[in-house]
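Student:
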Amino acid sequence: MPSYSFVTDPGMVKELLLERESRNSGGVECLICGTQGSGKTTAISQVAIENKKNFDDVIVVRSSEDCQWSYFIDSKIKMDLLLKEGLDMKLFDRKTGKNIEIDSIFNKIKTYDSGSVLVNKLSHKNFNIVQTTPYAIGNPKQHIQFCLDWLDIFNSLNQRRWDRAVTVCFDEFEDLVPEGVGKKIYDIELSLSGIFRKNRKNDITTFLTCHSLEDIHWRIKKKIRWKMYMRGAKQQKTSKIKKNLADLPTGTAIIEGSKFERFQFYDLGKERKIRAVVNCM
Ligand SMILES: Nc1ncnc2c1ncn2[C@@H]1O[C@H](COP(=O)(O)OP(=O)(O)OP(=O)(O)O)[C@@H](O)[C@H]1O
Ligand SMILES: [Mg+2]
């Protein structure tokens, strides 16, 4: 049985990971919720590192302007960038404003024009940092394209027959499936809501984060089997966890539906202050 180095007490039963092992094939999905700074990005990054180490999964990670993948810079596993064709991406040091050469961060830079091309280019060895059309607040057209890009990627991942499991890490999931938006995005959300069942069958594990469960479209939320709460998370109404989660220390989590033991992720250190500027050409 793989051992998870992010568990402070190795004897703790973490049902969601055991579920994956006991089925031996079949993905699991988990939504990690917590307020700003509770340790969500660190947690999802650690899951990516551990799943690579323990299951040797193909790891797919969302890239966004905040460069949350920066927690991987010090990991032994290299990063490949998959950049959608027609996008121009530049990286900047957020402290000094200086430009950072993309080649100095990524092992390889690959381009793709569709989900089916992307899945053929995924590395089985390195992290796959995927930059789609960027999410853009206040730009509905671009937001719709961002959602369509990810729908295409999830569909393409499911069409492929994989010789190993896949883990998708999607930080700030509320960008993709927000509650209370227009009809066009609602229709995409309807399509996305069917993805998790397909993922499970195809051994695709999905880890997602959000600040609040209230921000996630109800149709999607109810399809996600596991909810992991970090500091300040507001439990779902049906939660068996009655305690107030406002005081959980940084990096501490409780899984809904498990035996409710708290566990602690390791601190991966400070996020590197890198910002990406991605323009559609
Ligand atoms: N397990 C941990 N133990 C101690 N400190 C931690 C742990 N995880 C994260 N931290 C610290 O907390 C800070 C915030 O972590 P992180 O970026 O993962 O939070 P977040 O929930 O993703 O925040 P945001 O909502 O702003 O995206 C980091 O500077 C990190 O050093
Ligand atoms: Mg974060």
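For the sequence shown, this note's numbering assigns the number -9 to the initial residue and increments by one for each residue that follows.
Here a beta-carbon is modelled for each residue, glycine too, at the ideal position from N, C-alpha and C.
From the DSSP secondary-structure annotation, give me the bridge partner or partners of threonine 195.
Tutor: Start at 1 with the first residue of the sequence shown, and residue 195 comes out as number 205. DSSP, once it has assigned bridges, lists Thr157 as partnering threonine 195.
Student: What is the DSSP secondary structure of isoleucine 206, counted as helix, strand or coil?
Tutor: The count along the sequence shown starts at 1 and reaches residue 206 at position 216. Strand, per DSSP.
Student: When every heavy atom of ligand 1 is checked, does at least one fall within less than 7 Å of the C-beta of glutamate 179?
Tutor: Against the sequence shown, residue 179 aligns to sequence position 189. No, the Cβ of glutamate 179 stays beyond 7 Å of every heavy atom of ligand 1.
Student: By Cβ distance, which residues of its chain are closer than 7 Å to asparagine 97, with the 5 residues on each side in sequence left out?
Tutor: Here residue 97 refers to the residue found at position 107 of the sequence shown. Same-chain partners within the cutoff: Lys68, Met69, Asp70 and Asn116.
Student: Any idea if isoleucine 127 is buried or exposed, counting beta-carbon neighbours within 10 angstroms, 16 or more meaning buried?
Tutor: By one-based count along the sequence shown, residue 127 stands at place 137. Burial call: exposed.
Student: Any heavy atom of ligand 2 inside 7 Å of the beta-carbon of lysine 100?
Tutor: Counted from its first residue, the sequence shown places residue 100 at position 110. Every heavy atom of ligand 2 is 7 Å or more from the Cβ of lysine 100, so no.
Student: Which whole-angstrom value is the C-beta distance of isoleucine 231 and glutamate 246, which I expect to be below 8 Å?
Tutor: For the purposes of this step, residue 231 is taken as the residue at position 241 of the sequence shown. For the purposes of this step, residue 246 is taken as the residue at position 256 of the sequence shown. Yes, isoleucine 231 and glutamate 246 are in contact; Cβ-Cβ is about 6 Å, under 8 Å.
Student: So does lysine 58 have its beta carbon nearer than 7 Å to some heavy atom of ligand 2?
Tutor: Here residue 58 corresponds to residue number 68 of the sequence shown, with the count starting at 1. Note on residue identity: the sequence assigns glutamine, not lysine, to residue 58. The answer is yes for glutamine 58.
Student: Whole beta strand (DSSP E) runs in the region 39 to 117 with 3 or more residues, listed along the chain?
Tutor: 48 to 52, 69 to 74, 77 to 83 and 98 to 102
Student: How big is the Cα-Cα spacing for histidine 114 and leucine 147?
Tutor: On the sequence shown, position 124 is the one that residue 114 refers to. On the sequence shown, position 157 is the one that residue 147 refers to. Near 14 Å, if we compare the C-alpha coordinates of leucine 147 and histidine 114.
Student: What residue does the beta strand (DSSP E) around asparagine 269 start on, and which one ends it?
Tutor: Position 279 of the sequence shown, counting from 1, holds the residue named residue 269. Taken as a continuous stretch (DSSP letters only), the beta strand (DSSP E) holding asparagine 269 covers 264 to 270.
Student: Would you say the beta carbon of aspartate 257 comes nearer than 7 Å to a heavy atom of ligand 1?
Tutor: Numbered from its first residue, the sequence shown carries residue 257 at position 267. Yes - ligand 1 has a heavy atom lying nearer than 7 Å to the Cβ of aspartate 257.
Student: Can you find a heavy atom of ligand 2 that lies under 7 Å from the Cβ of threonine 25?
Tutor: As a working note, residue 25 is residue 35 in the sequence shown. No, ligand 2 has no heavy atom inside 7 Å of this Cβ.
Student: Extract the residue ranges of the beta strand (DSSP E) inside the region 230 to 257, only unbroken runs of 3 or more that lie entirely within it.
Tutor: Complete beta strand (DSSP E) runs here, min 3: 242 to 245 and 252 to 254.
Student: Mind reading off the beta-carbon distance from arginine 209 to serine 183? Whole number of angstroms is fine, and I expect it under 8 Å.
Tutor: Stepping through the sequence shown from its first residue, residue 209 is reached at position 219. Stepping through the sequence shown from its first residue, residue 183 is reached at position 193. Yes, arginine 209 and serine 183 are in contact; Cβ-Cβ is about 5 Å, under 8 Å.
Student: Taking DSSP's pairing of strands, which residues face methionine 218 in a bridge?
Tutor: As a working mapping, residue 218 is identified with position 228 in the sequence shown. Ile22 and Ile245, per the DSSP bridge assignment.
Student: So does aspartate 161 have its beta carbon nearer than 7 Å to some heavy atom of ligand 3?
Tutor: Among the ligands present in this structure, namely ligand 1 and ligand 2, ligand 3 is not found.
Student: Run through the DSSP bridge pairs and tell me what valine 120 is partnered with.
Tutor: Mapped onto the sequence shown, residue 120 falls at position 130. Arg52 and Leu72.
Student: So, is threonine 32 buried or exposed, given that buried needs 16 or more other C-beta atoms within 10 angstroms?
Tutor: Here residue 32 is taken as the residue at index 42 of the sequence shown, counted from 1. By the 10 Å Cβ count, threonine 32 comes out buried.
Student: Drop a sphere of 10 angstroms on the beta-carbon of aspartate 257, count the other beta-carbons inside from all chains shown, and report buried for 16 or more, exposed for fewer.
Tutor: Numbered from its first residue, the sequence shown carries residue 257 at position 267. Burial call: exposed.
Student: If contacts are defined as beta-carbon pairs under 8 Å, then isoleucine 22 and leucine 198 qualify, I think. What distance do you get, rounded to the angstrom?
Tutor: Position 32 of the sequence shown, counted from the first residue, corresponds to residue 22. Position 208 of the sequence shown, counted from the first residue, corresponds to residue 198. Between leucine 198 and isoleucine 22 the Cβ distance is about 7 Å, and since that is below 8 Å, they are a contact.
Student: In chain order, what residues of the same chain have a beta carbon less than 6 Å from the beta carbon of proline 272, not counting five sequence neighbours either side?
Tutor: As displayed, the chain neither begins before -9 nor continues past 271, which places residue 272 out of reach and without an answer.
Student: If the criterion is Cβ atoms closer than 8 Å, does the pair isoleucine 264 and isoleucine 90 meet it?
Tutor: Sequence index remark: in the sequence shown, residue 264 carries index 274 (1-based). Sequence index remark: in the sequence shown, residue 90 carries index 100 (1-based). Yes.
Student: Within the same chain, show all residues whose beta-carbon is closer than 6 Å to that of glycine 17, passing over the 5 residues directly before and after it, in chain order.
Tutor: Here residue 17 refers to the residue found at position 27 when the sequence shown is read from its first residue. The residues are Asn189, Arg190, Asp193, Ile194 and Thr195.
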